[in-house]
Every structure is written in structure tokens, then in C-alpha cells.
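Single-structure report; data block below.
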Ligand SMILES: [Fe+2]
Ligand SMILES: [Fe+2]
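Residue numbers (the UniProt record's numbering): 1 to 339.
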């Protein structure tokens with residue numbers, strides 16, 4: 001941007017540091033800050049870590065970014081389950097790279113949350129104690145090799161649909177993290193599609209395995225967009241703040257419209273008798289989602305909830321020496337640098 005952001009100028013004026021007039025009284029200054037924030041959001045400017053922001057905006061972002069970060073690292077588990085059993089060296093290398101990417105996504109996101117004043121330790125503690133959630137999709141098991149393909153095609157595909165609009169999110173560090181994440185997610189989605197295509201064109205058993213995986217992952221993928229718009233507690237405010245750009249139902253529809261022709265190209269069917277083109281709406285209609293299942297998994301009663309958290313805590317405990325060593329090294333480096 002060529003000129004200083006409008007909200008920075010307005011804030012400087014309120015502080016009396018813009019060279020025009022004395023600083024405002026405390027309450028007038030708070031009002032001016034808020035007005036500057038609102039104007040910046042309305043003008044599609046980015047809010048940066050040092051800018052004034054409403055407390056609720058900050059806490060909404062921390063909650064959303066934390067949940068996103070937790071999903072990235074918990075999401076490593078169902079797929080890592082297949083690394084040792086990948087059917088070829090090529091598939092193994094691809095899967096390892098993908099799982100590693102997800103760890104990287106977690107890192108960018110925990111760093112984005114840190115810019116809002118909440119450290120990674122605190123967020124991990126909340127994840128481990130069940131006070132913060134991760135995406136429910138990762139509470140389903142990966143039963144066969146084809147699940148790796150179905151996750152790439154559907155779960156990473158749904159993640160991209162959700163995350164591309166986040167590249168324009170009003171909070172700068174989150175938006176910028178999403179640009180890189182989305183590039184990597186599109187590689188994940190294509191590797192899943194290509195894996196399923198190979199199975200679908202393979203033997204009858206391989207085709208059946210691909211179909212079974214798609215049958216199991218389809219509905220949970222649609223649930224990844226969150227509850228229907230009329231039940232979504234945080235949506236309206238997040239849209240007003242331009243953290244979210246589209247509603248849950250809009251994004252879900254976009255995803256269905258992308259997947260229906262892709263399923264046809266794959267030679268696989270979706271486990272829904274209803275997806276058909278609706279001329280009037282210019283979208284595919286699709287069958288009802290079982291929200292009871294969604295709520296049960298969210299409550300902790302999914303097939304793998306307990307296993308995922310137990311494994312995460314164990315990995316965290318077993319990694320303590322790595323964190324200690326890194327901190328000791330960094331400390332030594334700093335001391336040496338100062339000497
Ligand atoms: Fe990811
Ligand atoms: Fe991914």
C-alpha cells in the first residue's frame with residue numbers, strides 16, 4: 001500500500017503524534033481507535049498486530065486460529081498411520097511430505113496466534129485438556145490405504161474451500177499464513193485425487209476399496225464446514241469483521257458443486273442419492289446431513305477422539321527433551337551473541 005493505512009493515521013491523530021493537534025482525552029481516544037478500526041475493516045485494509053483492535057475481535061481470532069492450528073497437527077495422525085504401509089516408495093515419500101506439510105501449517109498458525117499475544121504453550125495446554133477443539137473430521141479412523149486418497153481429495157479439498165477466502169481475512173498475519181497453506185493444500189488435494197484415480201482404475205478390489213473410502217469420508221467432509229447458517233453461533237460477527245467472507249452453507253454448496261463432476265471423472269459415486277443439478281438454483285442439490293452424528297463426535301464420542309488426544313499428549317511429553325535442548329541452544333546463542 002502506497003499510503004499509511006487510514007486506521008494508523010487516525011490513531012496517530014488521536015494520540016496527538018500526527019502533527020495536527022493535541023492528544024484526545026482517554027475516552028475520546030478509545031472511541032477514535034474503534035472508529036479507525038471499523039473504517040479499516042470497511043475499507044478492506046489489513047489489521048496488523050500493533051493496531052488497536054476490539055477485545056472480542058482478538059479473542060475470536062485466537063479461538064479460530066488455535067482451532068485451525070490444532071486441526072493441522074492432530075490431522076497428521078490418521079495419515080501418519082499409513083506411512084509405514086504405503087504401497088510403494090513413491091507413495092511413501094509423497095505421504096511423508098504431506099504429513100510434514102501439516103506440521104508446518106500448525107507452526108505458521110501457532111505463530112499467527114502468538115502475534116495476538118497468546119503463546120503456543122497456552123494453546124497446547126488448552127488442546128490437551130479439552131478446552132479447545134480441533135476439526136471433528138480427524139476423529140474418524142483410516143481403515144484402508146484408500147482412506148489416504150479420500151482424505152486428500154475430500155478433507156484437504158474441503159479445507160481449501162474454507163481457507164482460500166481466509167487469504168483475504170482482515171487480520172494480516174492469518175491472511176498471509178493462509179496464502180502459503182493453500183498452495184500446499186492444493187498439492188495435497190491433487191495427490192489424493194490421483195491416488196483414488198489409480199485405485200479406481202485398478203483391480204475390482206482396488207476400485208471397491210476406493211469407493212468404500214469415499215462412502216465413509218463424504219458426509220464427515222460436508223460437516224467440516226460447520227453447522228448450518230441458522231445455527232452457527234459466531235458466523236454473523238465474524239462476517240462483519242471480515243474474518244469470514246462466506247457463510248458455512250455457501251462454502252458447503254461450493255464444495256459439493258466442485259466434487260460432483262470430479263467423482264464422475266474418478267469413476268466413483270457419492271453416497272448420496274440426491275446430488276443432482278438444480279437448473280433454477282444453478283447448484284447441485286444434496287441430501288440432508290446427519291447433524292446428530294456431528295454433535296456426538298464434537299462432544300467427544302467419535303470413534304477416535306480419545307486415541308487422538310492420548311497420542312498427542314504422549315508425543316508432547318516425549319518431545320520435552322527436544323524443546324529443552326532447543327531452548328538451551330537458543331539461550332547459549334543469545335549469551336554468546338551478547339558477549
Ligand atoms: Fe494443512
Ligand atoms: Fe493438507
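All residues carry an ideal CB built from backbone N, CA and C; glycine is no exception.
Item                                                                                                                                                                                        : Value
With 7 angstroms as the threshold, decide whether the Cβ of residue 244 is near any Cβ in chain B.                                                                                          : The structure shown contains no chain B, having only a single protein chain.
Given this structure, state the Cα-to-Cα distance separating residue 315 from residue 135, to the nearest angstrom.                                                                         : 19 angstroms
Relative to the C-alpha of residue 44, which candidate in 259, 320, 243, 98 has its C-alpha closest?                                                                                        : 243
Since residue 297 contacts residue 275 with CB under 8 angstroms, what's their CB separation in whole angstroms?                                                                            : No, residue 297 and residue 275 are not in contact; Cβ-Cβ is about 23 angstroms, not under 8 angstroms.
Would you mind listing the alpha helix (DSSP H) stretches within the region 229-281 that are 4+ residues and don't spill past its ends, in chain order?                                     : 235-240, 248-266
Taking the alpha carbon of residue 306 as the reference point, which residue from 16, 129, 57, 84 has its own alpha carbon closest?                                                         : 129
Any idea what DSSP makes of residue 285, helix, strand or coil?                                                                                                                             : strand
Using DSSP bridges, identify the partner residues of residue 47.                                                                                                                            : 171
Would you mind stating whether residue 62 and residue 116 have Cβ atoms separated by less than 7 angstroms?                                                                                 : yes
Buried or exposed: which applies to residue 46, given that a residue is buried once 16 or more other Cβ atoms fall within 10 Å of its Cβ?                                                   : buried
Compute the minimum distance between the beta carbon of residue 70 and the heavy atoms of ligand 3, and state whether it is under 6 angstroms.                                              : Among the ligands present in this structure, namely ligand 1 and ligand 2, ligand 3 is not found.
Determine the DSSP secondary structure at residue 157, reduced to helix, strand or coil.                                                                                                    : helix
Reducing DSSP to helix, strand and coil, say where residue 301 ends up.                                                                                                                     : helix
Under the assumption that residue 195 contacts residue 148 (Cβ atoms under 8 angstroms), give the Cβ distance between them as a whole number of angstroms.                                  : 6 angstroms
Run the proximity test for residue 102: is its beta-carbon closer than 6 angstroms to any non-hydrogen atom belonging to ligand 1?                                                          : yes
Compute the minimum distance between the beta carbon of residue 185 and the heavy atoms of ligand 2, and state whether it is under 6 angstroms.                                             : yes
Report the three-state DSSP secondary structure of residue 53 (helix, strand or coil).                                                                                                      : coil
Would you kindly report the start and end of the unbroken alpha helix (DSSP H) that includes residue 29?                                                                                    : 26-42
Less than 6 angstroms separating the Cβ of residue 156 from some heavy atom of ligand 2?                                                                                                    : yes
For residue 271, I'd like the list of residues in its chain whose CB is within less than 6 angstroms of its CB, leaving aside the five on either flank, ordered along the chain.            : 215, 218
Below 8 angstroms CB to CB, which residues in the same chain sit around residue 2 once its five sequence neighbours on both sides are set aside?                                            : The predicted position of residue 2 is uncertain, since its pLDDT is 38 and thus under 50; no value can be drawn from it.
Using only the alpha-carbon positions, how far apart do residue 97 and residue 235 sit?                                                                                                     : 34 angstroms
Take every Cβ of the region 153-163, pair it with every Cβ of the region 172-185, and state whether three or more of those distances are shorter than 8 angstroms.                          : yes
Leaving aside the five residues before and after residue 265 along the sequence, list all residues of the same chain whose C-beta is less than 6 angstroms from its C-beta, in chain order. : none
Whole angstroms are fine: how far does the CA of residue 50 sit from the CA of residue 16?                                                                                                  : 17 angstroms
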